[in-house]
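>
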Amino acid sequence: MTNSEHLTEFGGFAVTAWAPKPEASAKERYGGPFVHALGDPATTIHRISTDYDSEPSWTDLFRAFLAQSGVEHTQGLVVGAWQGDDSETTPGEVIEALVAAREKLPRLRVLFFGDIVMEENEVSWIQQGDLSPLLSAYPHLTHLGIRGGEGLSLGTVRLPELRELIVQAGGLSAEVVREVLSAELPNLEHLELYLGTDNYGATSAPDDLTPLLSAERFPKLNYLGVKNSDYQDAIAQMFAHAPVLERLEVLDLSMGVLTDEGGAALLGSQSVRRLKKLDLSHHFLSEGLLVQLRALGDFVDLGDAQDPDDEWRFVALGE
179 MTNSEHLTEF GGFAVTAWAP KPEASAKERY GGPFVHALGD PATTIHRIST
229 DYDSEPSWTD LFRAFLAQSG VEHTQGLVVG AWQGDDSETT PGEVIEALVA
279 AREKLPRLRV LFFGDIVMEE NEVSWIQQGD LSPLLSAYPH LTHLGIRGGE
329 GLSLGTVRLP ELRELIVQAG GLSAEVVREV LSAELPNLEH LELYLGTDNY
379 GATSAPDDLT PLLSAERFPK LNYLGVKNSD YQDAIAQMFA HAPVLERLEV
429 LDLSMGVLTD EGGAALLGSQ SVRRLKKLDL SHHFLSEGLL VQLRALGDFV
479 DLGDAQDPDD EWRFVALGE
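Mapped onto this note's numbering, the consecutive letters of the sequence shown carry residue numbers 179 to 497.
Written as structure tokens, this is what we have:
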């Protein structure tokens, strides 16, 4: 998942944009009720998003969305751009509107907050906020995605039904990493943390990931992505022989600054050989080590190779 294109699927649902009918008069669009049919709630969730130069605010659009017939059957929502032409706008009003709507959206289980592509705002420029009231308002979420790390806070997370969590950033703070790894998520199966680089606000260190080494932290976890980091070698060394590998089907260490130092640790791990997939795509591995890793089998993804001799090594998703 990158920020080059809007989501087309999330949480098992197709994602389609929701907007008022383009033929509606200015009064209808901006001063009165919006009109637009909702998709099949069994298969479709909607993205609500402002345009760069659009007049209605995100909360105006959301208010109109809530007025639609059948909105109470909505199972998911994708929050797109809320900033309009001001990249510094925080989502405080968006969070407040979603919290206030919890009784109108009793079936909401799937939420992606920040489906903002690079043409709208670079990932490191996205101004996030304190999402803890939102997570408290929707305690039955099963799938949660968040894009943007600037100003992000999750608080104390208790989501007993959550199965998938993705936190995507060009630079993720140590505080957010710790909030995730101390969260009560007994049914979590899929976790992806885009750690990012200190050039764009990342402050985490390898020690912050220690809780993930245990197979008991998230007992149902089968997909672990600890990725997009400029200390990817240290991560690879930590997880090469970690007890959690006995439980995992997929270890995703992609998108980061992985060199031979980390690659050799993975190569020497018997636990790695039991995985169904080891994703190392976007790496700085030498040809010699690539040959050895390819020999492990097709379950190792070594795509998007970068020049191992490049002095300027970079994560795949930074700015």
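Ideal placement from N, C-alpha and C gives every residue a C-beta, glycine not left out.
All figures in this text were calculated on a predicted structure; none of them were measured in a lab.
(1) Can you tell me whether LEU251 is buried or exposed, with buried defined as 16 or more other CB within 10 angstroms of its CB?
(2) Are the Cβ atoms of GLU367 and TYR409 separated by less than 9 Å?
(3) Bridge partners of GLY349, per DSSP?
(4) Name the two residues that bound the continuous beta strand (DSSP E) containing THR222.
(5) Assign THR375 to one of two classes, buried (16 or more other C-beta atoms within 10 Å of its C-beta) or exposed (fewer than that).
(6) For VAL256 and ALA361, what's the separation of their Cα atoms in angstroms?
(7) Can you tell me whether ASP385 is buried or exposed? The criterion is at least 16 other CB atoms within 10 Å of its CB, across all chains shown.
(8) CA-CA distance, SER302 and SER392?
(9) Do GLU271 and TRP236 have their C-beta atoms closer together than 9 Å?
(10) Following the continuous alpha helix (DSSP H) through GLY466, name the residue where it begins and the one where it ends.
(11) Can you have a look at VAL469 and say buried or exposed, based on whether 16 or more other CB atoms are within 10 angstroms of its CB?
(12) Candidates PRO364, ASN377, LEU319 and LEU387: which alpha carbon is nearest GLY327's?
(13) PHE290 and HIS321: beta carbons closer than 9 Å?
(14) From LEU332 to GLY466, what distance separates their C-alpha atoms?
(15) Could you tell me the distance, in whole angstroms, from the CA atom of PRO421 to the CA atom of VAL355?
(16) Out of curiosity, what's the CA-to-CA distance linking ALA473 and SER464?
(17) Just how far apart, CA to CA, sit ARG207 and ALA197?
(18) What residue does the alpha helix (DSSP H) around ALA414 start on, and which one ends it?
(19) Give me the DSSP bridge partner(s) of GLY258.
(20) In whole angstroms, what is the alpha-carbon distance linking MET416 and TRP490?
(21) Comparing alpha-carbon positions, which option in LEU343, GLU394 and PRO397 lies nearest VAL404?
(22) Does the Cβ-Cβ distance between SER227 and ILE324 come in under 9 Å?
(23) By how many angstroms is the C-alpha of ALA483 removed from the C-alpha of GLN346?
(24) What separation, rounded to the nearest whole angstrom, lies between the Cα atoms of MET433 and LEU387?
(25) Please state if the CB of LEU276 and the CB of PHE243 are separated by a distance shorter than 9 Å.
(26) By Cβ distance, which residues of its chain are closer than 6 Å to TYR316, with the 5 residues on each side in sequence left out?
(27) Please state if the CB of ARG395 and the CB of LEU337 are separated by a distance shorter than 9 Å.
(28) Just confirm the distance between the C-beta atoms of GLY248 and PRO284, as a whole number of angstroms; I'd bet it's less than 8 Å.
Considering the structure as presented:
(1) Indexing the sequence shown from 1 puts residue 251 at position 73. The sequence shown places His at residue 251, rather than the Leu named in the question. Residue burial annotation: HIS251 is exposed, with fewer than 16 other C-beta atoms found within 10 angstroms of its C-beta.
(2) Taking the sequence shown and counting its residues from 1, one reaches residue 367 at position 189. Taking the sequence shown and counting its residues from 1, one reaches residue 409 at position 231. Not in contact: GLU367 and TYR409 (Cβ atoms no closer than 9 Å).
(3) Walking along the sequence shown from the start, residue 349 turns up at place 171. According to DSSP, which records beta bridges pairwise, GLY349 is partnered with GLY374.
(4) Residue numbering aside, residue 222 sits at position 44 when the sequence shown is read from its first letter. Annotation for THR222: the continuous beta strand (DSSP E) segment containing it runs 222 to 226.
(5) Against the sequence shown, residue 375 aligns to sequence position 197. Within a 10 Å sphere around the beta-carbon of THR375 sit 16 or more other beta-carbons, which makes this residue buried.
(6) As a first step, residue 256 must be located in the sequence shown, where it is residue number 78. As a first step, residue 361 must be located in the sequence shown, where it is residue number 183. If I take the Cα positions, the gap works out to 22 Å.
(7) Within the sequence shown, numbered from 1, the residue matching residue 385 stands at position 207. Burial call: exposed.
(8) Indexing the sequence shown from 1 puts residue 302 at position 124. Indexing the sequence shown from 1 puts residue 392 at position 214. One C-alpha to the other measures close to 31 Å.
(9) Translated into positions along the sequence shown, residue 271 becomes position 93. Translated into positions along the sequence shown, residue 236 becomes position 58. In contact: GLU271 and TRP236 (Cβ atoms closer than 9 Å).
(10) Looking up residue 466 in the sequence shown gives position 288. Counting along the chain, GLY466 sits inside the alpha helix (DSSP H) bounded by residues 465 to 472.
(11) Counted from its first residue, the sequence shown places residue 469 at position 291. VAL469 is exposed by the Cβ-count criterion.
(12) Within the sequence shown, numbered from 1, the residue matching residue 327 stands at position 149. Nearest of PRO364, ASN377, LEU319 and LEU387 to GLY327, Cα basis: ASN377.
(13) For the purposes of this step, residue 290 is taken as the residue at position 112 of the sequence shown. For the purposes of this step, residue 321 is taken as the residue at position 143 of the sequence shown. Cβ atoms of PHE290 and HIS321: closer than 9 Å.
(14) Residue 332 sits at position 154 when you count from the first residue of the sequence shown. Residue 466 sits at position 288 when you count from the first residue of the sequence shown. Computed Cα separation, rounded: 42 Å.
(15) Here residue 421 corresponds to residue number 243 of the sequence shown, with the count starting at 1. Here residue 355 corresponds to residue number 177 of the sequence shown, with the count starting at 1. Taking the straight line from one Cα to the other gives about 20 Å.
(16) Locating residue 473 in the sequence shown gives position 295, counting from the first residue. Locating residue 464 in the sequence shown gives position 286, counting from the first residue. Straight-line spacing of the CA atoms in ALA473 and SER464 works out to 14 Å.
(17) Looking up residue 207 in the sequence shown gives position 29. Looking up residue 197 in the sequence shown gives position 19. Note that ARG207 scores 44 on pLDDT, short of 50, meaning its location in the model is unreliable; the coordinates nonetheless yield the value given after this. Taking the straight line from one Cα to the other gives about 10 Å.
(18) Within the sequence shown, residue 414 is the residue found at index 236, counting from 1. In this chain, the alpha helix (DSSP H) harbouring ALA414 covers 410 to 417.
(19) Within the sequence shown, residue 258 is the residue found at index 80, counting from 1. ASP293.
(20) Here residue 416 refers to the residue found at position 238 when the sequence shown is read from its first residue. Here residue 490 refers to the residue found at position 312 when the sequence shown is read from its first residue. When rounded, the distance between both Cα atoms is 24 Å.
(21) The sequence position of residue 404 within the sequence shown is 226, counting from 1. For VAL404, the nearest C-alpha among the options comes from LEU343.
(22) Translated into positions along the sequence shown, residue 227 becomes position 49. Translated into positions along the sequence shown, residue 324 becomes position 146. No, the Cβ-Cβ distance between SER227 and ILE324 is not below 9 Å.
(23) For the purposes of this step, residue 346 is taken as the residue at position 168 of the sequence shown. For the purposes of this step, residue 483 is taken as the residue at position 305 of the sequence shown. Put simply, the backbone Cα of GLN346 is about 22 Å away from that of ALA483.
(24) For this step, residue 433 is matched to residue 255 along the sequence shown. For this step, residue 387 is matched to residue 209 along the sequence shown. For MET433 and LEU387, the distance between alpha carbons rounds to 17 Å.
(25) Translated into positions along the sequence shown, residue 243 becomes position 65. Translated into positions along the sequence shown, residue 276 becomes position 98. LEU276 is positioned such that its CB atom lies no closer than 9 Å to that of PHE243.
(26) Within the sequence shown, residue 316 is the residue found at index 138, counting from 1. The residues are LEU286.
(27) Mapped onto the sequence shown, residue 337 falls at position 159. Mapped onto the sequence shown, residue 395 falls at position 217. Cβ distance not < 9 Å, so LEU337 and ARG395 don't count as in contact.
(28) Position 70 of the sequence shown, counted from the first residue, corresponds to residue 248. Position 106 of the sequence shown, counted from the first residue, corresponds to residue 284. The beta carbons of GLY248 and PRO284 sit about 13 Å from each other, so the pair does not count as a contact at 8 Å.
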